[in-house]
Structure formats: C-alpha cells, structure tokens
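Enquirer: Protein chains in written order, with my numbering: chain R, 7 to 191; chain G, 7 to 191. Where is the CB? At the ideal position from N, CA and C, for every residue including glycine. Since the model is a prediction, treat every value here as computed from it, not as a measurement.
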DNA sequence: CAGAGGGCTGGCCGATCGGTCAGTAGCGTT
DNA sequence: AACGCTACTGACCGATCGGCCAGCCCTCTG
C-alpha cells in the first residue's frame, strides 16, 4: 500500500478511537513507521488529512441526497436502506463525524458534515413534525452511529456477521423512521 | 454563586460543547472572569475539574443500578423511566460522557463511566441476547444521548417543553427496549 | 556522467498547553 | 499591631503541539 494511503488509514483509526485533537501528527507518523515531516509532505496540514478522510464519505451522502431530491422517487424505506448501507460502508468515519462534529465545527469539512446531516433531517420533514417525530429521527440516526462507534468498547458485540447487523439495523430504523401509521411515499 | 461553582458550570458548558481536550484552563478562567491560576487553586488539576463534574452524575447512575440489582424489584419499564429522568436531569453531562468517553478512557472518571454503562447493558441482559436485541440497546441508549447533544446543533428542536420531550423519549425507549413479545419482569 | 525531481528527514520555530510557586491583598482574631 | 488563614495572581517552567525549511538520498532521463 502506498504510504499516502497507509497514512490515511492510520489517521482514521486514531481519529476515530482517540479523537482528532488528541491524535498528534507525530503519533500518526510513528504508527506508520515514518516521520512527522513526511506526513506533512503527503498532506499539507492536519486539517487536510482529516478532509481527505471525511470528504469522500460526505460525497457519497450528498449523492444519496441528490438522488432522492432529484425525483423524489425514492420511497422512505429505500432511502433508509441505502442510508444504512452508507453507514456500514464507512463505519469508522460515521462515529468520527457524529461524536466529534460539534467539537470541530470550525474545521470546514466538519461544517460541511453538519450541513449534510441537517439536509437528511429536513428530508424526513421532521423539522416540522411533532415532537416525537423529531426525537425519533435523532434517536435513530444518533443511535445507529453510537452503536457502530461504542458497541465494541462496551463489549456488546462479538464477531457478528455484517449481514446480520445490516438486517437488524434496518429493522430497528424501519420501526423508528417508518412508523406503521405514517404514509410511506 | 461561589466562584468554585461558577467555574464548574462554565467548564461543563465548554467541555460539552467544545470538548474536554479543546477547552483550555485559560479559556475557562476567561469566561469566569478570573485567572488560570485561580482555577488551579479551586481544582488541583484539569482532570479533577472534570471528575467533580461527572462523578455526581455517575453516583446517581450507580444508585439506580444498586436499587435495581438489590431486589430486582424494578420492572424494566420502571427502570427505563428512572433512566430517562436521569438523562434529562443531567442533559449536559450525558453527551459529554457519551461522545468523549472513548476518547478519554485514560482519565479515571471516564473509565468509571464506561464501566457503569457496561453494567447498564448487562442489566438488560443484552450481552447474551440476539443480535437485534444488542443493537436495540445501542441504538436506544446512544440515540437518546445523541439527541440530547446534537438536536440543537442541527436546528431540530425549538423550545420544546421538557415534559413533552420526556414523554416522547419514554415512548421511543419503551418501543425499543421493552418489545411487545418480551416478558417485562 | 550530470542534472533534475520526487520522496523523505532532522532540526528548528512560535504558540499553547497543564501545572508550580512565591508572593500579596483582604479580613477576622488575639 | 501582629498574626494566620483564605482567596487569588503574575511570572515562569517543561512538554508538546502543528508547521516550516534546508538539505539528503535515490532513481530516472539526457
């Protein structure tokens, strides 16, 4: 693997587990077996290293939003399914954005993440819904992200097959976001 | 308000919104209109300032766990209700622990928080349950915490009366944690 | 062989961090 | 007046941070 990619992978591990602020460029360099200066050779700054990690995921999310808004063809259940797949695909980046987004809102890429999450919320038209509908969105979205982030820390997950996780999350999210008494399309 | 209490309040605001690592003692001092040295006069270290904020909340949680384990008298629904009240009472500390607990596991008070959360998980016997039951716990607990933390950031909540929030959260958590096909006691 | 350029590094910089310490201002007691 | 105690402060410390830079090594090209 090229050093550039390896540095990105190592940085993602550390940003997700120890936090962006608590992860020094020196530590990233040590874990990758190189020097701090070489990290700053591959990435012009620590912020840009974070951006190169997070931006592709936000691109995926934005694409999903555009697909949906473009034709409003997607039924809510379909959106939820694609959304879960996106979360599972980027299971390390999701908690990074969720847990540290508020802390790092001065970093441009995290501000973009917040804006996209707001658009997801508006998509479900929960900003104008009832209190419980608003809270259902918050619990569902934050709950899935938190589960992906902290389940291991609490020793809650063994080696659960990802297919099983996917199915279970879909069922839970479906229960929360597509209540039986709500029109789906 | 005594300066000691004011410093604790200011620090909690900053720890919860900007993060523990990103909040300097100097900033806490500035916001309270005093000097950094006086902060370290009232609290022997930054870690102890965090501990004085978090420990009382963990004491409450531990008390709830002891009440439950002692007689196993509490029905699951009762536990959920007391649990939600605890989260609402300490709505600033909860996201602090949830979002930054993993990052700060080297800080003793945060390690204690992780242990208590593990006990809550075990209480629901979800460690030995099916995949979807494990995930339901994660989604429920993390979801409520995330909602309390980030709803404002996404502009999802206006001035919702706390009673309404309490009722809604109870309903959502009840749906997630006390499924219809599960024996309650 | 000469030179150009990409990959990489050690050493350094200013800034900021948490924390220490000597010292002081105010105040009630003797 | 002299004391002791609490509250508080400015100056300073070593460590660490992100970032910069001159220069080295290697390979490819002419």
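(1) Can you pull the chain R residues whose beta carbon is under 7 Å from the beta carbon of residue 30/G, in chain order?
(2) Looking at residue 150/G: is its Cβ nearer than 7 Å to the Cβ of residue 93/G?
(3) Less than 7 Å between the beta carbons of residue 102/G and residue 21/G, yes or no?
(4) Tell me, please, whether the segment 104-119 of chain G touches the segment 16-31 of chain R by the rule of three or more beta-carbon pairs shorter than 8 Å.
(5) Which class does residue 7/G belong to by DSSP, given the choice of helix, strand or coil?
(6) Would you mind giving the Cβ-Cβ distance between residue 14/G and residue 72/G, rounded to the nearest angstrom? I have them listed as a contact below 8 Å.
(7) Could you tell me which chain G residues have their CB closer than 8 Å to the CB of residue 177/R, listed as they occur along the chain?
(8) Between residue 176/G and the rest of its own chain, which residues show a CB-CB distance below 8 Å, the 5 nearest in sequence each way excluded?
(9) Pull up the CB-CB distance for residue 56/G and residue 45/G, whole angstroms please, since I reckon it's below 8 Å.
(10) Within the 7 Å Cβ cut-off, does residue 27/G reach chain R?
(11) Establish whether the CB of residue 141/G and some CB of chain R are separated by less than 7 Å.
(12) Closer than 8 Å, Cβ to any Cβ of chain R: which residues of the segment 93-108 of chain G, in chain order?
(13) Under the assumption that residue 38/R contacts residue 180/R (Cβ atoms under 8 Å), give the Cβ distance between them as a whole number of angstroms.
(14) Could you name the residues of chain R that residue 181/G contacts, counting a contact when the two beta carbons are closer than 9 Å?
(15) Which residue comes first and which comes last in the alpha helix (DSSP H) that contains residue 27/R?
(16) Give the DSSP-derived three-state secondary structure of residue 191/R in the structure shown.
(17) Going straight from the alpha carbon of residue 112/R to that of residue 118/R, what length do you get?
(18) Within its chain, find whatever has a CB closer than 8 Å to the CB of residue 115/R; leave out the 5 residues flanking it on each side and keep chain order.
(19) Let me see if you follow: with CB-CB separation under 7 Å, is residue 152/G close to chain R or not?
(20) Measure the C-alpha to C-alpha separation of residue 123/R and residue 67/R and round it to an integer number of angstroms.
(21) Can you tell me whether DSSP reads residue 39/G as helix, strand or coil?
(22) When the cut-off is 7 Å and only beta carbons count, does residue 170/R lie next to chain G?
(23) Need the endpoints of the alpha helix (DSSP H) that residue 173/G sits in, please.
(24) Would residue 47/G be called buried (16 or more neighbouring beta carbons within 10 Å of its own) or exposed?
(25) With residue 106/G as the anchor, note down where its alpha helix (DSSP H) starts and where it stops.
(26) Mind checking whether residue 99/G and residue 154/G have CB atoms under 7 Å apart?
(27) If you drop the 5 nearest sequence neighbours on each side, which residues of the same chain put their C-beta closer than 6 Å to that of residue 16/R?
(28) Identify the contact partners of residue 23/G in chain R, using a Cβ-Cβ distance below 9 Å as the criterion.
(29) Is residue 49/R helix, strand or coil when you go by DSSP?
(30) In or out: residue 96/G buried (at least 16 other Cβ within 10 Å) or exposed?
(31) Less than 8 Å between C-beta atoms, sequence neighbours within five positions excluded: which residues of the same chain meet that for residue 29/R?
(32) Under 8 Å Cβ to Cβ from residue 172/G, same chain only, skipping five residues before and after it: list those, please.
(33) Does any CB atom of chain R fall closer than 7 Å to the CB of residue 34/G?
(34) So that I know if they touch, is there some Cβ in chain R lying closer than 7 Å to that of residue 16/G?
Expert: Taking the structure as given:
(1) Residues of chain R passing the Cβ test: none, with the nearest at roughly 11 Å.
(2) Contact flag set, yes.
(3) Yes; because the gap between Cβ atoms is below 7 Å, this pair is in contact.
(4) Using a Cβ-Cβ distance cut-off of 8 Å, the segment 104-119 of chain G and the segment 16-31 of chain R are in contact, since at least three pairs of beta carbons, one from each stretch, lie closer than that value.
(5) Assigned with DSSP and collapsed to three states, residue 7/G falls in coil, not helix or strand.
(6) Between residue 14/G and residue 72/G a beta carbon distance of about 26 Å is seen, past the 8 Å cut, so the two are scored as non-contacting.
(7) The answer, in chain order, is 138.
(8) 86, 87, 90.
(9) Wrong, their Cβ atoms sit about 12 Å apart, outside the cutoff.
(10) For residue 27/G, the answer is yes, since a Cβ of chain R falls inside 7 Å of its Cβ.
(11) Interface residue, yes.
(12) With the criterion set as a beta carbon lying under 8 Å from some beta carbon of chain R, the members of the segment 93-108 of chain G are 104, 105, 106, 107, 108, in sequence order.
(13) Wrong, their Cβ atoms sit about 41 Å apart, outside the cutoff.
(14) Correct list: 181, 182.
(15) Run containing residue 27/R: none; DSSP gives neither H nor E here.
(16) Residue confidence for residue 191/R is low, a pLDDT of 40 falling below 50, so the modelled location carries little weight; the figure read from the coordinates is stated next. Looking at residue 191/R - three-state DSSP - the assignment turns out to be coil, as it is neither helix nor strand.
(17) Straight through space, the alpha carbons of residue 118/R and residue 112/R are spaced by roughly 10 Å.
(18) Beyond the five residues adjoining it in sequence on each side, residue 115/R comes within less than 8 Å, by CB distance, of 53, 56, 57, 60, 61, 64 in the same chain, given in chain order.
(19) At least one CB atom of chain R sits nearer than 7 Å to the CB of residue 152/G.
(20) The straight-line gap separating the alpha-carbon atoms of residue 123/R and residue 67/R is approximately 9 Å.
(21) Note: residue 39/G maps to coil in three-state DSSP.
(22) Closer than 7 Å: yes.
(23) Where residue 173/G is concerned, the enclosing alpha helix (DSSP H) stretches over 168-183.
(24) Burial call: exposed.
(25) Start and end: 99-106.
(26) No. Outside cutoff.
(27) Sequence-distant partners of residue 16/R (beyond 5 residues in either direction) whose C-beta falls short of 6 Å from its own C-beta, in its chain, are 34, 37, 38.
(28) Residues of chain R whose Cβ lies closer than 9 Å to the Cβ of residue 23/G are, in chain order, 108, 109.
(29) Residue state, collapsed to three classes: coil.
(30) Classification of residue 96/G: buried, given that the 10 Å Cβ count is 16 or more.
(31) Here the set comprises 17, 20, 21.
(32) A distance below 8 Å between beta-carbons, with the five flanking residues on each side excluded, links residue 172/G to the following residues of its chain, in chain order: 90, 91, 94.
(33) It does not: the Cβ of residue 34/G has no partner Cβ on chain R nearer than 7 Å.
(34) No, its Cβ sits nowhere closer than 7 Å to a Cβ of chain R.
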